[in-house]
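Participant:
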Amino acid sequence: MSGGQNTFSQHCNSSIYYLPLIVLCIVVVGINRPKAKNAISKNLVKGMFEAVENIKKNNKVRSVIFCSLVPGVFCAGADLKERAKMHQSEVGPFVSKARAVITELGNLPVPTIAAIDGVALGGGLEIALACDIRIASNTAKMGLVEAKLAIMPGAGGTQRLPRVIGISLAKELIFASRVVDGTEACRLGLVNHSVEQNNSGDAAYLRALELAREINPKGPIAIRMAKLAINQGIEVDLSTGLAIEEACYAQVIPTKDRLEGLAAFKEKRSPHYKGE
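Numbering (UniProt numbering), first residue to last: 1 to 276.
(1) In its own chain, which residues sit with a C-beta less than 7 angstroms from the C-beta of G233, not counting the 5 before and 5 after it?
(2) Return yes when the Cβ of V45 is within less than 8 angstroms of the Cβ of A98, no when it is not.
(3) Contact defined as beta carbons within less than 8 angstroms: I believe V101 pairs with M142. What is the distance between those atoms, to the nearest angstrom?
(4) Which of the three DSSP states, helix, strand or coil, is assigned to G152?
(5) Anyone know if the C-beta pair for G261 and G219 falls short of 8 angstroms?
(6) Return the chain-ordered list of same chain residues with a C-beta closer than 7 angstroms to the C-beta of P34, the five sequence neighbours on each side being excluded.
(7) Using the beta-carbon count (16 or more within 10 Å), is K81 buried or exposed?
(8) Could you give the residue range of the alpha helix (DSSP H) that holds I174?
(9) Out of curiosity, what's the CA-to-CA distance linking P111 and E53?
(10) Nearest to F66 by alpha carbon, out of R160, V236, A212 and V252?
(11) According to the neighbour-count rule (16 or more other Cβ atoms, all chains shown, within 10 Å of its Cβ), is E172 buried or exposed?
(12) Out of S15, A51, A222 and I55, point me to the one whose CA is closest to K37's CA.
(13) Using only CA atoms, which one of E50, G123 and A136 lies nearest to T158?
(14) Which residue wins for smallest C-alpha separation from G77, given the options I127, I223, R163 and R258?
(15) At 3 residues or longer, what runs of the beta strand (DSSP E) sit wholly inside the region 20-67?
(16) Only counting the same chain, and skipping five residues up and downstream in sequence, which positions put a Cβ closer than 6 angstroms to that of A39?
(17) Could you check whether I113 and I135 sit closer than 8 angstroms to each other, using their CB atoms as the reference points?
(18) Would you check if the distance between the CB atom of L188 and the CB atom of L161 is smaller than 8 angstroms?
(19) Where are the alpha helix (DSSP H) runs, 4 residues long or more, that stay fully inside the region 179-216, in chain order?
(20) State yes or no: is the C-beta of G118 within less than 8 angstroms of the C-beta of V64?
(21) Tell me whether K266 sits in a helix, a strand or coil according to DSSP, three-state version.
(22) Who are the near neighbours of A155 in its chain, counting only those whose CB is closer than 6 angstroms to its CB and skipping five residues on each side?
(23) By alpha-carbon positions, which one of F49, I151, P93 and A208 ends up nearest to G106?
(24) Quick one: what does DSSP say M86 is sitting in, helix, strand or coil?
(25) Is Q197 buried or exposed, if buried means 16 or more other CB atoms sit within 10 Å of its CB?
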């Protein structure tokens with residue numbers, strides 16, 4: 001892949017690759033299980049937990065990109081071969097762990113972008129739905145297809161998809177186990193942008209990197225507080241939401257970054273925010 005992915009994918013043997021681009025304040029989390037189409041296994045869940053914890057501890061991070069190091073696939077969903085070997089009593093706890101790590105992903109305080117350059121089915125789409133922003137190539141394929149296997153989405157899909165595209169559309173896609181391409185996903189509002197796939201197969205990743213670079217120069221505390229206000233406010237009535245916004249705004253008033261923003265505006269220069 002171009003745009004930097006090929007520089008680290010060849011050195012990665014684990015199922016999750018964590019690449020902190022400290023100079024750019026961007027973290028790239030790449031899924032890397034080529035033989036299993038990035039299917040969600042016990043080891044992959046463990047790797048995701050570790051990556052998310054590393055991001056939480058790194059106060060230099062301003063944005064995160066979730067992508068795949070495997071051409072043509074983002075994540076094909078649950079590892080059904082591993083699942084078939086599980087005892088019935090193991091399935092529920094495993095799904096709970098997968099749900100928990102995806103919830104932790106969704107709770108990251110910084111902007112998260114899913115770069116979908118290939119197939120994102122079942123749990124793979126649930127990972128993307130937990131991100132703030134989704135970008136897909138026009139050839140990507142997405143869907144919550146669990147009903148085909150007489151199960152249902154269990155890692156947040158039944159809750160996040162309706163919040164993204166609306167209740168009726170979400171029901172239709174889930175009930176029919178429908179798969180849509182990137183162009184249709186963008187029309188439905190499932191993804192923010194659909195970009196034409198390139199010869200390297202990483203068009204969505206490159207667009208995600210471009211967007212992260214657009215976000216990163218902005219005030220990092222302001223971005224974190226805005227994300228918190230949106231995420232919490234959308235779940236409550238307007239009056240309560242406005243109170244949440246007021247509380248979050250109060251957190252940015254005493255910051256050095258706010259003063260830097262005012263000074264930069266007055267001096268007609270670019271601001272230099274430090275997250276303080």
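Ideal Cβ placement from N, Cα and C applies to all residues, glycine included.
Facilitator: If we stick to the structure as given:
(1) Result list for G233: G241, I244 and E245, in chain order.
(2) Cβ atoms of A98 and V45: closer than 8 angstroms.
(3) Here V101 is actually not in contact with M142; their C-beta atoms are around 20 angstroms apart, not less than 8 angstroms.
(4) One point to set straight first is that residue 152 is Met, not Gly, in the sequence displayed. The answer is coil: DSSP assigns M152 none of H, G, I, E or B.
(5) Yes, Cβ-Cβ distance for G261 and G219 is below 8 angstroms.
(6) Once the five neighbours on either side are set aside, the close Cβ partners of P34 are V70.
(7) Exposed: under 16 other Cβ atoms inside 10 Å.
(8) Start and end: I167 to A176.
(9) Going by the C-alpha atoms only, they are around 15 angstroms apart.
(10) A check of alpha carbon separations from F66 across R160, V236, A212 and V252 identifies A212 as the nearest.
(11) Around the beta-carbon of E172, fewer than 16 other beta-carbon atoms lie within 10 Å, marking it exposed.
(12) Residue S15 is the option with its Cα nearest to K37.
(13) Of the candidates E50, G123 and A136, the one whose C-alpha sits nearest the C-alpha of T158 is G123.
(14) Comparing Cα-Cα distances from G77 to each of I127, I223, R163 and R258, the minimum goes to I127.
(15) For the region 20-67, the full-length beta strand (DSSP E) segments reaching 3 residues or more read 26-31 along the chain.
(16) Listed in chain order, the non-local C-beta contacts of A39 below 6 angstroms within the same chain comprise A76 and D79, local neighbours out to five positions each way being set aside.
(17) For I135 and I113, yes; Cβs fall inside 8 angstroms.
(18) Not in contact: L188 and L161 (Cβ atoms no closer than 8 angstroms).
(19) The alpha helix (DSSP H) runs lying completely inside the region 179-216 and spanning 4 residues or more are 182-188 and 203-215, given in chain order.
(20) Contact flag unset, no.
(21) Of the three classes helix, strand and coil, the one that applies to K266 here is helix, per DSSP.
(22) Only A98, R99, I102, G123 and E126 meet the Cβ criterion.
(23) Of F49, I151, P93 and A208, the residue nearest in Cα terms is F49.
(24) M86 falls in the coil class under three-state DSSP.
(25) With 16 or more Cβ atoms within 10 Å of its Cβ, Q197 is classed as buried.
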